[in-house]
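Protein sequences appear in the order of chains X and B.
Using the numbering used here, the first residue of the first sequence is number 20, and each one after it goes up by one.
Using the numbering used here, the first residue of the second sequence is number 2, and each one after it goes up by one.
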Amino acid sequence: MAEQLLDQVGDLFEGQIDFEGQKLVELLVNVALTLVGAIAFFVGYFLQDIKLAVYIGLIGTAAVFVLVVPPWPFYNRHPVKWLPVGGVTPPANLVINDNVLK
Amino acid sequence: MYSSVVRFQNAFSFFTTVAFVVAALIASTDLLTPRTPSVGVLKPTNVQVVRGRPHYYSSKKEEYAIIKFSLDADLSSLFTWNTKQLFVYVTAEWPSAGGSGSGQNASNQAVIWDSIITSPSADHLANLGPIALKKLKRSAQGKSIDPSRGKLSIKNQRPKYQITHPSGKVAEQEDVVLRLHYNVQPWVGFLTWNQDVDFWRWKTLRNNLSKKFTLPSIKKKDETKKAGA
Chain X
20 MAEQLLDQVG DLFEGQIDFE GQKLVELLVN VALTLVGAIA FFVGYFLQDI KLAVYIGLIG
80 TAAVFVLVVP PWPFYNRHPV KWLPVGGVTP PANLVINDNV LK
Chain B
2 MYSSVVRFQN AFSFFTTVAF VVAALIASTD LLTPRTPSVG VLKPTNVQVV RGRPHYYSSK
62 KEEYAIIKFS LDADLSSLFT WNTKQLFVYV TAEWPSAGGS GSGQNASNQA VIWDSIITSP
122 SADHLANLGP IALKKLKRSA QGKSIDPSRG KLSIKNQRPK YQITHPSGKV AEQEDVVLRL
182 HYNVQPWVGF LTWNQDVDFW RWKTLRNNLS KKFTLPSIKK KDETKKAGA
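This is the structure in structure tokens:
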């Protein structure tokens, strides 16, 4: 019981996402952080207010972290489909055609 | 990007890159802002030379020049969004007696007065008491830049520092001039001082020298007593 709970907590902390989700996260991080930096700079420059630029930069970055770090459900919409577990061990002389696996 | 920790590390690593690039851009905007500081008046108003000791227990007596001065300057163009504070200082300069090659410095330069002018974005850093700090903050409430901070109009200012020379003698020194300097301290970027040549949109600080004057001879003690009586 306790072990199960520990495993669940561990999974939650590890926050695994699938391959498509990883691709999406990478894109999001690059685009969103660049955007935040650009907005912070231009708003700061045109309003001539450096404190505003710093706050926009920091708050924007924190928002990107919230979007990207936890394993949100939309990062897990393409789970990997594994082949079913075969209960039979194949004979040693069996030759498997690659086309069959595809 | 497989686990939360890896995603955090990746996002943070890219954040540092973005922060650096934004900081570099901010620093480079300084070049776009024209700097046109000007000096109206810089002149000594009252000059005294007295004898004194470098510190309480010293048996050595030195001559100290106390140079009061008036200053009118407009440094408001130095305040941009990236200006944290402006350091303004006045030096007294005079040529060395032997000139260069005499084993002495070719010229002597000593700061007699300085002042830190904070930008409204740096008011919380000003080294002031609580009441003066509140007053300073209120003077620029709602403004991110306050160009009026750069307008200096000082009359008959007492020097902060009494100056002397390694030889201990400054009385009757000829050809002394006062010079105004400034140092812009940005939030990000390089420190810049008043430059000697125009640099694109940054103009030199002209007219920042006073006329040559001569330090008086030492003030006699009995004279001060008479004046006091």
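Each residue gets a CB set at the ideal place from its N, CA and C atoms; glycine is no exception.
For residue i, report the span of its beta strand (DSSP E) as first-last.
i, result
"Tyr90 (chain B)", "84-96"
"Val51 (chain B)", "39-53"
"Phe70 (chain B)", "63-75"
"Lys191 (chain X)", "The requested residue 191 (chain X) does not occur in the structure, where chain X is confined to residues 20 to 121."
"Ala20 (chain B)", "Element bounds for Ala20 (chain B): not the beta strand (DSSP E) but the alpha helix (DSSP H), 5-33."
"Ile155 (chain B)", "152-158"
"Pro78 (chain B)", "Note that residue 78 (chain B) corresponds to Ser in the displayed sequence, not to Pro. That residue, Ser78 (chain B), is in no beta strand (DSSP E); it is neither H nor E in DSSP."
"Leu210 (chain B)", "Note, Leu210 (chain B): premise wrong, no beta strand (DSSP E); not H, not E."
"Leu129 (chain B)", "Segment: none, Leu129 (chain B) is in no beta strand (DSSP E) and carries neither H nor E."
Taking Cβ positions only, does residue i come closer than 9 angstroms to chain B?
i, result
"Lys118 (chain X)", "Looking at the sequence provided, one finds Asn at residue 118 (chain X) rather than Lys. By this cut-off, Asn118 (chain X) is not an interface position."
"Asp68 (chain X)", "yes"
"Glu92 (chain X)", "It is Pro, not Glu, that sits at residue 92 (chain X) in the sequence shown. Not an interface residue."
"Leu25 (chain X)", "no"
"Asn95 (chain X)", "no"
"Pro89 (chain X)", "yes"
"Ile36 (chain X)", "yes"
"Ala59 (chain X)", "yes"
Would you mind sorting residue i into buried or exposed? The rule is 16 or more other CB atoms within 10 Å of its CB.
i, result
"Ile36 (chain X)", "buried"
"His125 (chain B)", "exposed"
"Phe60 (chain X)", "buried"
"Thr119 (chain B)", "buried"
"Gly29 (chain X)", "exposed"
"Tyr57 (chain B)", "exposed"
"Thr84 (chain B)", "buried"
"Arg54 (chain B)", "exposed"
"Asp68 (chain X)", "buried"
"Ala123 (chain X)", "Since the first residue of chain X shown is 20 and the last is 121, residue 123 (chain X) is not available in this structure."
If I measure Cβ to Cβ from residue i and keep anything under 7 angstroms in the same chain, skipping five residues before and after, which residues do I get?
i, result
"Asn95 (chain X)", "Ile36, Asp37, Gly40"
"Gly229 (chain B)", "Residue placement at Gly229 (chain B) is flagged as unreliable, the pLDDT there being 45, under the threshold of 50; a coordinate-derived value is accordingly withheld."
"Ser211 (chain B)", "Leu43, Lys44, Pro45, Val178, Leu179"
Taking Cβ positions only, does residue i come closer than 9 angstroms to chain X?
i, result
"Ser140 (chain B)", "no"
"Ala66 (chain B)", "no"
"Val185 (chain B)", "no"
"Arg8 (chain B)", "yes"
"Ala12 (chain B)", "yes"
"Val177 (chain B)", "no"
"Tyr3 (chain B)", "yes"
"Ala230 (chain B)", "Confidence in Ala230 (chain B) is poor, its pLDDT being 42 and thus under 50, which makes the residue's placement unreliable; the coordinate value appears in the next sentence. No, its Cβ sits nowhere closer than 9 angstroms to a Cβ of chain X."
Consider the Cβ of residue i: report whether some Cβ of chain D lies at a distance smaller than 9 angstroms.
i, result
"Leu26 (chain B)", "In the structure shown, chain D cannot be found, because the protein chains are X and B."
Between residue i and the rest of its own chain, which residues show a CB-CB distance below 6 angstroms, the 5 nearest in sequence each way excluded?
i, result
"Lys161 (chain B)", "Trp114"
"Ser59 (chain B)", "none"
Name the two residues that bound the continuous alpha helix (DSSP H) containing residue i.
i, result
"Val50 (chain X)", "38-66"
"Leu24 (chain X)", "21-33"
I'd like the list of long-range same chain contacts for residue i, defined as Cβ closer than 8 angstroms, with 5 residues on each side in sequence excluded.
i, result
"Tyr183 (chain B)", "Pro38, Leu76, Leu79, Leu87, Phe88, Val89, Tyr90, Trp194, Asn195, Leu206"
"Tyr64 (chain X)", "Ala72"
"Leu217 (chain B)", "Looking at the sequence shown, residue 217 (chain B) is not Leu but Pro. Same-chain partners within the cutoff: Val48, Gln49, Val50, Ala172, Glu173."
"Lys220 (chain B)", "Gln49, Val50, Val51"
With a threshold of 8 angstroms, establish whether the CB of residue i neighbours any heavy atom of the ligand ATP.
i, result
"Val28 (chain X)", "Among the ligands in the structure shown, none appear at all, so the ligand ATP cannot be discussed."
* Asked: Is the stretch 146-159 of chain B close to the stretch 71-79 of chain B, with three or more CB pairs under 8 angstroms?
  -> A contact exists between the stretch 146-159 of chain B and the stretch 71-79 of chain B.
* the stretch 47-54 of chain X in contact with the stretch 8-21 of chain B per 3-pair CB rule at 8 angstroms -> Yes, they touch.
* Asked: Pairing CB atoms from the stretch 20-29 of chain X with CB atoms from the stretch 52-59 of chain X, are three or more of them under 8 angstroms?
  -> Contact fails: fewer than three Cβ-Cβ distances are below 8 angstroms.
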